[in-house]
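> I am attaching a structure below and will ask some questions about it afterwards.
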Amino acid sequence: MAAKKPEFLYAICAACAVCSQIYPLSCIEMTKTDYDALRKAYPVLAAEDRCTACGICKRACPVEAIR
80 MAAKKPEFLY
90 AICAACAVCS
100 QIYPLSCIEM
110 TKTDYDALRK
120 AYPVLAAEDR
130 CTACGICKRA
140 CPVEAIR
């Protein structure tokens, strides 16, 4: 079974940036969105080619907002 790339659940994401800071290959970036009225920066998989689907970001998320 192939490893799965991260999927971000913005409805519960705290926009804390832990996922973007923990991974050494810098494939997750925080980007301003129109998801909420405050226009917080949420994580996006900006460099999908560098993502190894290792799950480091998922394990680091304090609110379990990454599948």
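Our numbering numbers the first residue of the sequence shown as 80 and each following residue consecutively. Note that CB positions come from ideal geometry on N, CA and C, so glycine has one too.
Give the straight-line distance between the Cα atoms of G134 and P85, rounded to the nearest whole angstrom.
So the two alpha carbons sit approximately 8 angstroms from each other.
> Considering only residues of the same chain and omitting the five flanking positions on each side of Y114, which have a CB-CB separation below 7 angstroms?
Within the same chain, Y114 has close Cβ partners Y89, Y121.
> Compute the Euclidean distance between the alpha carbons of R146 and P103, then round it to the nearest angstrom.
Going by the C-alpha atoms only, they are around 19 angstroms apart.
> By DSSP, does I91 sit in helix, in strand, or in coil?
I91 falls in the coil class under three-state DSSP.
> Three-state secondary structure (DSSP) at K137?
In the structure shown, K137 sits in a helix (DSSP, three-state: H, G or I).
> Where DSSP assigns a beta bridge to T110, which residues make up the other side?
T110 pairs with Y121.
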